[in-house]
């Protein structure tokens, strides 16, 4: 396939950026979104006055942007402000596993729609590496300006809204081919989540169907194991001390279980993105693993290897232990401490009170789901500990 065959899903090229940004700077919906973000109470009354000012603000912000990199340097400022104001720290480990000359397919657990890839890319940038291309579902691109903005920022589209089997198969083949093209021809790293949708219950698990999709594109005579090796898969675990969407996730899980289904409200995904960006995240750690190097014959085998690494890499925060205690009455046995985050749980009584108050602010029937969102990271580690002991 040539790059033109990916035109409907790929990020914008450098040469397309100036025209797209000019369109965005005049987009009424984007201008209203900027006003709503900065002056929500004034939009209904003074929108007529603020719209020209917001348009001027947008054009001034992008005045020096002429390619993807210069756009990302503009967004870096806002990312750093968000980290400074909404995180108690951002740390990382295992970055030496990445060889910039031989790009990896980064597959991570999925806790936050926008922040997972954004923070992983921020770490890559801070380490002087090129940022990755980002897989994003078309369900998040309900507005033309959102789609354009994301594609300027190195996002490519996963067509999740298709329902006809033939269309879905064609879309998956195109996506698989584009990811291989990005890695092998464009020499760009790629990020994709280990599953469709966030792990709202905190139980990180790779979907074998996603691995199968990644391996759809094949060269003549290439085995499944060869395809896995060619993708240079590198697992990544991202862990948040606090989940800005914990109450919303708990509500959804409660309604799914109690009513048998959950229907999203219009623009709910966009609201979740905003909540994830604006909410307090506590300390965040990004852990890069080792590239999968074994011989894998099935998608299930790849998924199991992914889960093993992500669970091991996942850094536990005090909130994981607080949640476990609130669920089960005592702190867990057998798992404690971390090479990357060191704390003495017995010295964190005040932090535990704050976390308990946070949980108690959630409707009572929803609380077990919110607590599981934090505690299941420990459960996952325990499962792999037990499995390892059985193999000894």
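In this note's numbering, the protein residues as written are 12 to 403. The C-beta atom is built at its ideal place from N, Cα and C for all residues, glycine as well. It should be emphasised that the depicted structure is a prediction, and the values quoted were computed from it without experimental measurement.
Could you tell me whether the region 108-124 touches the region 195-209, using the rule of 3 or more Cβ pairs below 8 Å?
-> yes
Grab me the residues of residue 406's own chain with a C-beta within less than 7 Å of its C-beta, minus the 5 sequence neighbours each way, in chain order.
-> The question about residue 406 has no answer here: the residues shown for the chain are numbered 12 through 403.
Are the beta-carbon atoms belonging to residue 326 and residue 130 less than 8 Å from one another?
-> no
Would you check if the distance between the CB atom of residue 324 and the CB atom of residue 300 is smaller than 8 Å?
-> yes
Are any of the Cβ atoms in chain B nearer than 8 Å to that of residue 159?
-> In summary, chain B is missing from the structure at hand, where a single protein chain is found.
Is residue 174 buried or exposed, if buried means 16 or more other CB atoms sit within 10 Å of its CB?
-> exposed
Note down, in chain order, each residue of its chain lying with its Cβ closer than 6 Å to the Cβ of residue 398, except the 5 sequence neighbours on either side.
-> none
Classify residue 386 as buried or exposed, calling it buried when 16 or more other Cβ atoms lie within 10 Å of its own Cβ.
-> It is buried - the Cβ of residue 386 has at least 16 other Cβ atoms within 10 Å.
Would you report the Cα separation of residue 240 and residue 304, rounded to the nearest angstrom?
-> Residue 304 has its alpha-carbon roughly 7 Å from the corresponding atom of residue 240.
Where residue 283 and residue 97 are concerned, what is the direct C-alpha to C-alpha distance, given to the nearest angstrom?
-> 16 Å
Once you ignore the five residues that flank residue 161 on each side, which residues in its own chain have a CB closer than 7 Å to its CB?
-> 147 and 152
Would you mind working out which of 235, 84 and 100 sits nearest residue 223, comparing C-alpha positions?
-> Among 235, 84 and 100, the Cα nearest to that of residue 223 belongs to 235.
Below 8 Å between beta carbons: does that hold for residue 205 and residue 69?
-> no
Beta-carbon proximity of residue 145 to residue 166, cut-off 8 Å | Taking C-beta atoms as the reference points, residue 145 and residue 166 count as a pair closer than 8 Å.
Report yes if the C-beta distance between residue 171 and residue 207 is below 8 Å; otherwise report no.
-> Yes, the Cβ-Cβ distance between residue 171 and residue 207 is below 8 Å.
Measure the alpha-carbon distance for residue 19 versus residue 30 and round it to whole angstroms.
-> 17 Å
Could you check where the alpha helix (DSSP H) with residue 91 kicks off and where it finishes?
-> For residue 91, the enclosing alpha helix (DSSP H) starts and ends at 79-97.
Burial state of residue 59 (16 or more Cβ within 10 Å) | exposed
Is residue 51 helix, strand or coil by DSSP?
-> coil
Leaving aside the five residues before and after residue 280 along the sequence, list all residues of the same chain whose C-beta is less than 7 Å from its C-beta, in chain order.
-> Excluding residues within five positions, the ones whose Cβ falls inside 7 Å are 124, 150 and 151.
Where does residue 296 fall in DSSP's three states?
-> strand
Measure from the alpha carbon of residue 101 to the alpha carbon of each residue in 86, 126 and 184, then state which is nearest.
-> Among 86, 126 and 184, the Cα nearest to that of residue 101 is on 126.
Assign residue 373 to one of three DSSP states: helix, strand, or coil.
-> Judged by DSSP in its simplified three-state form, residue 373 adopts coil rather than helix or strand.
What is the C-beta distance between residue 212 and residue 380, in whole angstroms, given that I count them as a contact (C-beta under 8 Å)?
-> 7 Å
Which whole-angstrom value is the C-beta distance of residue 195 and residue 314, which I expect to be below 8 Å?
-> Rounded, the Cβ-Cβ distance is 23 Å, inconsistent with contact.
C-beta atoms of residue 210 and residue 122 nearer than 8 Å = yes
Assuming residue 413 and residue 377 make a contact with CB atoms under 8 Å, what is their CB distance in whole Å?
-> With the chain running from 12 to 403 in the structure shown, residue 413 is simply not present.
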